[in-house]
Amino acid sequence: MFQATTEQETVSPVMPGPREARPPPARVRRPPAARVALLQGLYYAGTGVWPLLDLKSFMWVTGPKLDGWLVKTIGMVVAGVGGALAAAGARGRVARELRVLGVTTALGFAAIDFWYAGVRRRISRVYLADGVAELGLAAAWTYAAWRERREMRRLPEAAFA
1 MFQATTEQET
11 VSPVMPGPRE
21 ARPPPARVRR
31 PPAARVALLQ
41 GLYYAGTGVW
51 PLLDLKSFMW
61 VTGPKLDGWL
71 VKTIGMVVAG
81 VGGALAAAGA
91 RGRVARELRV
101 LGVTTALGFA
111 AIDFWYAGVR
121 RRISRVYLAD
131 GVAELGLAAA
141 WTYAAWRERR
151 EMRRLPEAAF
161 A
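In the working numbering, the protein residues as written are 1 to 161.
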């Protein structure tokens, strides 16, 4: 006698539809704000820790400083802000308060860089490059907010299209 087992395949394989062909869901992909937070956090952590690890090379690149303790203090603060932003970005959820911190910090550093390196010429011109990077970060935060608002307004797709 022939006996069928349950392990035998009785249904033909299903071809993936448009829903299955879409990119991975948002829980797998990082939202735009999380990517910006991670980028800014890593940038700030790196630039903040640098004077703590090697003040001599930091001053060689950025110019002489009168008070090493002040450079190290600012470095610790910047590294702390960077650590908080990077942690939120790695987690994938960035609170509104951290978004405000990211934007205002970037704009504040850009203003200081352009004023004291460009207009007043009190600090090294290398800070102008940092000012451009800071404006890029502020623009990235704006773009991320726009993308997330646009995603929220999008109508949901039908489950069985």
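By construction, the Cβ of each residue, glycine as well, lies at the ideal position given by its N, Cα and C atoms.
Please read these numbers as outputs of a predicted model, since none were measured by experiment.
Keeping to the same chain, check which residues put their C-beta closer than 7 Å to that of residue i; ignore five residues upstream and five downstream.
i: residue 69; result: none
i: residue 111; result: none
i: residue 45; result: 79, 82, 83 and 86
i: residue 59; result: 65
i: residue 153; result: none
i: residue 146; result: none
Is the beta carbon of residue i less than 9 Å from the beta carbon of residue j?
i: residue 86; j: residue 137; result: no
i: residue 41; j: residue 77; result: no
i: residue 133; j: residue 43; result: yes
i: residue 92; j: residue 156; result: no
i: residue 124; j: residue 36; result: no
i: residue 79; j: residue 101; result: no
i: residue 126; j: residue 63; result: yes
What first and last residue would you give for the alpha helix (DSSP H) that runs through residue i?
i: residue 56; result: 55 to 62
Our contact map puts residue i next to residue j with C-beta atoms below 8 Å; I'd like the distance itself, whole angstroms only.
i: residue 81; j: residue 141; result: Going by Cβ atoms, the distance from residue 81 to residue 141 rounds to 14 Å, so no, they are not a contact pair.
i: residue 151; j: residue 33; result: 11 Å between Cβ atoms; not a contact.
i: residue 38; j: residue 89; result: 3 Å
With a threshold of 8 Å on Cβ separation, who are the neighbours of residue i within its own chain once the five nearest residues in sequence on each side are excluded?
i: residue 176; result: The question about residue 176 has no answer here: the residues shown for the chain are numbered 1 through 161.
i: residue 128; result: 113, 114, 117 and 118
i: residue 72; result: 51, 52 and 55
Quick one: residues in its chain with C-beta nearer than 6 Å to the C-beta of residue i, no 5 flanking neighbours on either side, listed in chain order?
i: residue 95; result: none
i: residue 122; result: 116
Hey, is residue i close to the ligand ATP, as in C-beta under 8 Å from one of its heavy atoms?
i: residue 84; result: This structure lacks the ligand ATP, and indeed carries no ligand of any kind.
Hey, which unbroken runs of the alpha helix (DSSP H) at 4 residues or more fall wholly within the stretch 78 to 159? 96 to 113 and 126 to 153
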